[in-house]
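Converting from the sequence shown to our numbering requires adding 311 to each position, the first position being numbered 1. In this text, a Cβ means the ideal position worked out from N, Cα and C, and glycines have one as well. Just so it is clear, the structure is predicted and the values come from calculations on it, not from any experiment.
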Amino acid sequence: MEEQHEGLQRALTLLRIAFVHVYMLILLALNAASLPVFDIGTTTPYFLLMGIYFWGVNRPGMIPSYLVFMFGLLLDIVTGLPIGLNALSFLLIYFILHGQRRFLKGQTWPVLWFGFGIAAILVSAIHMLVFMLMNWKWPGVTPAVLAVLISFLAYPLVIAPMIALNKFMR
312 MEEQHEGLQR ALTLLRIAFV HVYMLILLAL NAASLPVFDI GTTTPYFLLM GIYFWGVNRP
372 GMIPSYLVFM FGLLLDIVTG LPIGLNALSF LLIYFILHGQ RRFLKGQTWP VLWFGFGIAA
432 ILVSAIHMLV FMLMNWKWPG VTPAVLAVLI SFLAYPLVIA PMIALNKFMR
């Protein structure tokens, strides 16, 4: 009887991990699509960063650093961005979160949400710096600001399924 219980527990754990990884792939696909914003043009919110940030704070073992790198690399390939740009940007955020996890774990929702906003600003700044160095001119600020703003506002909606799953895993 105990062996059946262990087998069921293992199967549930694998199912939870699979759900997290499939959801991350969905976020990657969303991240690969640009959203039209009024007459300004298009922007791409940081959907994948939302998942990396959430799991980096709550359960870093669920999305280890090598998966963060692979997700970022896959996003670079799919979107045509310079290879390694998102991979290294996301890894930087992941390692900053790893160093601050003890502090962040006990924080309130507004502090965590604000922390995500800081992470989105940092990723956006890295992207702008890389594009500036590649083209030797300052890229437009409007798409970057819109990406950060939309990401910040969408964060609670996008992570709601992850919050539910995290509670279910306890």
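Expected contact under 8 Å - CB spacing of residue i and residue j to nearest Å
i	j	result
residue 405	residue 376	6 Å
residue 461	residue 354	6 Å
residue 438	residue 396	7 Å
residue 430	residue 389	Contact doesn't hold; Cβ gap of about 21 Å is too wide.
residue 338	residue 359	5 Å
residue 365	residue 382	Wrong, their Cβ atoms sit about 13 Å apart, outside the cutoff.
residue 321	residue 371	Between residue 371 and residue 321 the Cβ distance is about 21 Å, and since that is not below 8 Å, they are no contact.
residue 373	residue 331	5 Å
residue 492	residue 424	Residue 492 cannot be examined here, being either before or after the span of the chain that is shown, 312 to 481.
Simplified DSSP assignment, three categories, for residue i
i	result
residue 354	strand
residue 341	helix
residue 390	helix
residue 448	coil
residue 419	coil
residue 374	coil
residue 395	coil
residue 480	coil
Counted within 10 angstroms of its Cβ, other Cβ atoms place residue i as buried (16 or more) or exposed
i	result
residue 458	buried
residue 363	buried
residue 393	exposed
residue 454	buried
residue 463	buried
residue 445	exposed
Rounded separation between residue i and residue j - CA only
i	j	result
residue 475	residue 448	44 Å
residue 426	residue 408	10 Å
residue 403	residue 440	15 Å
residue 317	residue 327	15 Å
residue 480	residue 473	10 Å
residue 432	residue 368	18 Å
residue 436	residue 410	21 Å
residue 398	residue 434	11 Å
residue 451	residue 384	24 Å
residue 421	residue 325	31 Å
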